Amino acid sequence: MPTPDTVRSHYRICPLCEACCGLEVRTEGRRVVGIRGLDADPFSAGYVCPKAYALKDLHDDPDRLRTPLIKRDGRRVPATWDEAFAEIDRRLPPLLAEHGRDAVALSVGNPAAHKMGLLLYFARLARALGTKNVFSASTLDQMPKQLQSGLMYGHWLSVALPDLPRTDLMLVIGANPMASNGSMWTVPDFRGKAKALRARGGRLVVIDPRRTETAEVADEHHFIRPGADVFLLAAMVRTLFDEDLVRLGRAADHVAGVDAVRDAVAGFTPERAAARCGIGADTIRRLARQLAAAPRACVYGRIGTCTQAYGTLASWLIDVLNVLTGRLDEPGGVMFAKAPAFAANTAGPPGRGRGVSTGRHRARVSGAPEVFGELPINALAEEIETAGPGQVRALITVASNPVLSAPNGARLARALDGLDFMVSLDIYLNETTRHADVVLPGLSPLEEGHYDIAFPQLSWRNQARYSAAVFEPPVGHLPDWQSLLKLTAIVRGRGAGADVQALDDELAADDVRRMAGDQADSVLQSVGRWTGPERLVDLALRSGPHGDRFGVVPDGLTLARLADTPGGIDLGELQPRLPEVLRTPSGRVELAPPLLLADLPRALADLDAPSPPMVIIGRRDVRSNNSWMHNLPTLAKGPQRCTLLVHPDDAARLGLADGALARIRRGDAHIEAPVALSTAMMPGVVSLPHGWGHDLPGVRLGLAAERPGANLNAVLDESQMDPLSGNAVLSGVAVEVMPAPPGG
Ligand SMILES: Nc1nc2c(c(=O)[nH]1)N[C@H]1C(S)=C(S)[C@@H](COP(=O)(O)OP(=O)(O)OC[C@H]3O[C@@H](n4cnc5c(=O)[nH]c(N)nc54)[C@H](O)[C@@H]3O)O[C@H]1N2
Ligand SMILES: Nc1nc2c(c(=O)[nH]1)N[C@H]1C(S)=C(S)[C@@H](COP(=O)(O)OP(=O)(O)OC[C@H]3O[C@@H](n4cnc5c(=O)[nH]c(N)nc54)[C@H](O)[C@@H]3O)O[C@H]1N2
Ligand code: SF4
Ligand SMILES: [Mo]
């Protein structure tokens, strides 16, 4: 039994999902002996979900990589760090010299958003490499939201967030925060906040093809045909105009394009929309009226409204509803966070800026436009397969598992085997990294300090929090950021032996000179106690809106101050920020961006299209996380989670029995999963979670392989995308479902 004086308590921000809960991690020696929510964290106030405890499993997981691997004779064998970088240096620079920068692609995955070293130093590698072929999980996820926000407010991360604690009516469309704990909205304890809403007489309304865990705690739920949100939303917008319910409120002076929106949605009558989306015309009108009438209200949409063919239009119309009902920038409506560091909407002159643009370059094969510096991850396989100038011949994956996370992983897997060279920075030998020539292992999250770079820009309440490493990293094991710097050095031609500390100093000094001009030396001196990501965080905090301005503002934020305040510093509830937050060229909220108006006719032409008889959607479970946490005992135990939810009427028609295996087929591809009958499904829609399918050869995920599950993405179609954002269609894809033939 550990005695109290040998047990130490540490503060750690949970890196596993966007809620970013503050944890208390108790350790004895090198062992974790307890993890719980930290009550003293003013942001998350003690909240945790079952995944927090899996941090211990992750730290202890024998399958988590402890040394680099190099491919020799078709197998990945342990190697020293020097051998691994020597191999990369032997193979990558000649490829760059012969074929140019675009021949090397980058793929960065979800955990990069949760590790400051990955995010900040991936940017350094990408800059040094200069390739157009940058791919990420963003085009499997939130790119539509970012594009729409960028076009309306002037920056990709100026996202209008629901002010749930002060609202009277919240409309949730295509999100299930009860399972996901929120996304593009950092909101620990959604359940508690939703409960408080209802306790004060407010209402929660959910629109989703499944009666989800969130719908279960709501006042009202409506099934919607997957992919048909644009029709519902456009008809609601039209209703606001038809019934003279448009009230811009305080934002009126700052909004451009109201008349253009009125004209653009004219064709979307509630009657026509009803047939397409499955929600009656009367209900569409009522929802619009209720939204307009509530004292305070907000509309929130998430992955269900993004991962579809009209993802950008749907995301946009959600904010159009918010703006037209006077909810933008109002308490209880949708508001902008003011992040203490790294936010473009607090930098430069307030109220006006360059805005965002897309298509500065295009994908070589499909011609898909660049969005926020990226190309659609759905295009990665064809960029590798298609010969010609600019062909992708090498790939560096950074915390990215697209063989499972992206549509048609089988094609991508074949393409990866055709690469001349592949490097993966990852913590597992998994479905993607098994294709790499060199795998560089990251650290356990408990072995690194953390500050959230992106999430304070998306937080339900303004905050600044830092957690120090719980454990010293094993001797000689490079953190992700140093591996990325090594790669940066190799790409810059400095060789495998380059001194990463010196390179880090050099790059930080370059940044500071750009930021501080002739004050650079004194600024650098004042952040001198930090190196690596911590130094960049200190620089960003101190020059940010709450910063100490390097000594000018005595009580201002510094990393040292945060490090001395476990639990972090509360910066208060969200405050109105119009027009200062805007970075559009006009200095206005652009309600009718031309790019979006030009896409509406595509939806209008599709308004009367028949629905396919059966479509598939995804789902999230609180004990699972994307593709990489199925090897952790705390989460792997319990009932099988990768089941196909089928409405009993569909099951009867298709001859499917509860618990029996179903085959799900699209074209030549098929998968099999056990059926779970559920009246929570909309008839004509089945649901399977993503991130499963751990039965591929060459993978080292012992526990996950015991119950591998089926890979939903194996039957999705990489040619289906939202043309504006390049986002993959992951929801509402037509499939055939039948009993699995005996013998498989
Ligand atoms: N059909 C369908 N597909 C989906 C979705 C869906 O809803 N439906 N959701 C999509 C969404 S929203 C997302 S975000 C993507 C996620 O897809 P990905 O971006 O591929 O992310 P993960 O599946 O989380 O895999 C993360 C990878 O990072 C590695 N990793 C974890 N921690 C670390 C670390 O600290 N350092 C390093 N170097 N590596 C680490 C893991 O081993 C794993 O290989 O999936 C998408 N795919
Ligand atoms: N436990 C757990 N938490 C997670 C993750 C996880 O894998 N597990 N992943 C994290 C990540 S990377 C992300 S991006 C977030 C995502 O966070 P959320 O967006 O909240 O994710 P989901 O739970 O998939 O909720 C999406 C909802 O959209 C519905 N839906 C599907 N298609 C449509 C449609 O066409 N229209 C409408 N209106 N609804 C539709 C689905 O039924 C589902 O209920 O979750 C994060 N948190
Ligand atoms: S909700 Fe769970 S996984 Fe997400 S940050 Fe909080 S404890 Fe971690
Ligand atoms: Mo995501």
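For the sequence shown, our numbering assigns the number 33 to the initial residue and increments by one for each residue that follows. Each residue gets a CB set at the ideal place from its N, CA and C atoms; glycine is no exception. Remember, it's a predicted structure, so these values are computed and weren't measured experimentally.
Residues that DSSP places opposite residue i in a beta bridge
i, result
"residue 497", "Residue 497 is not bridged to any residue."
"residue 578", "Its beta-bridge partners do not exist; DSSP assigns none."
"residue 676", "707"
"residue 426", "136, 453"
"residue 701", "698"
"residue 337", "Paired residue(s): none; residue 337 is not in a bridge."
"residue 54", "45"
"residue 80", "Residue 80 is not bridged to any residue."
"residue 329", "201"
"residue 472", "457"
"residue 726", "Looking at the DSSP assignment, residue 726 forms no beta bridge with any residue, so it has no partner."
"residue 719", "649, 677"
"residue 621", "287"
Straight-line gap, residue i to residue j (C-alpha atoms, nearest Å)
i, j, result
"residue 251", "residue 204", "11 Å"
"residue 697", "residue 744", "10 Å"
"residue 300", "residue 184", "22 Å"
"residue 268", "residue 201", "16 Å"
"residue 666", "residue 73", "24 Å"
"residue 444", "residue 418", "13 Å"
"residue 233", "residue 272", "24 Å"
"residue 178", "residue 39", "44 Å"
"residue 450", "residue 467", "10 Å"
"residue 170", "residue 37", "45 Å"
"residue 701", "residue 746", "7 Å"
"residue 600", "residue 729", "44 Å"
"residue 491", "residue 669", "32 Å"
"residue 259", "residue 196", "26 Å"
"residue 192", "residue 568", "26 Å"
"residue 396", "residue 742", "32 Å"
"residue 104", "residue 394", "36 Å"
"residue 435", "residue 95", "19 Å"
"residue 508", "residue 99", "10 Å"
"residue 219", "residue 558", "34 Å"
DSSP state of residue i mapped onto helix, strand, coil
i, result
"residue 315", "helix"
"residue 713", "strand"
"residue 761", "coil"
"residue 661", "coil"
"residue 402", "coil"
"residue 367", "strand"
"residue 171", "helix"
"residue 649", "strand"
"residue 67", "strand"
"residue 491", "strand"
"residue 604", "strand"
"residue 771", "strand"
"residue 148", "helix"
"residue 350", "helix"
"residue 485", "coil"
"residue 467", "helix"
"residue 572", "helix"
"residue 193", "strand"
"residue 731", "coil"
"residue 256", "coil"
"residue 246", "helix"
"residue 262", "helix"
message = Does the structure place the stretch 500-511 close enough to the stretch 484-492 that three or more beta carbon pairs sit under 8 Å?
response = no
Any 3 or more C-beta pairs closer than 8 Å across the stretch 717-735 and the stretch 314-323 = Contact fails: fewer than three Cβ-Cβ distances are below 8 Å.
inquiry  = Pairs of beta-carbons, one from the stretch 692-712 and one from the stretch 669-678, closer than 8 Å: are there three or more?
reply    = yes
message = Any contact between the stretch 394-412 and the stretch 116-133? By contact I mean 3 or more CB pairs, one from each, below 8 Å.
response = no
task = For the stretch 497-532, list the alpha helix (DSSP H) runs that are entirely contained and at least 4 residues long, ordered along the chain.
result = 512-523
request  = Inspect the CB distances between the stretch 377-384 and the stretch 299-312 and report whether three or more fall short of 8 Å.
outcome  = no
Stretch pair the stretch 158-167 + the stretch 129-141: three plus CB contacts closer than 8 Å = yes
key: Segment contact, 8 Å Cβ cut-off, at least three pairs: the stretch 616-623 with the stretch 582-594   = no
Continuous beta strand (DSSP E) assignments of at least 3 residues falling wholly in the stretch 85-140 = 101-104, 107-110, 136-140
request  = Tell me, please, whether the stretch 338-348 touches the stretch 652-670 by the rule of three or more beta-carbon pairs shorter than 8 Å.
outcome  = no
message = I'd like to know if the stretch 180-196 and the stretch 237-252 are in contact, where contact means that at least 3 CB-CB pairs between them fall below 8 Å.
response = no
query = Is there contact between the stretch 68-84 and the stretch 508-518, where contact requires at least three CB pairs shorter than 8 Å?
reply = no
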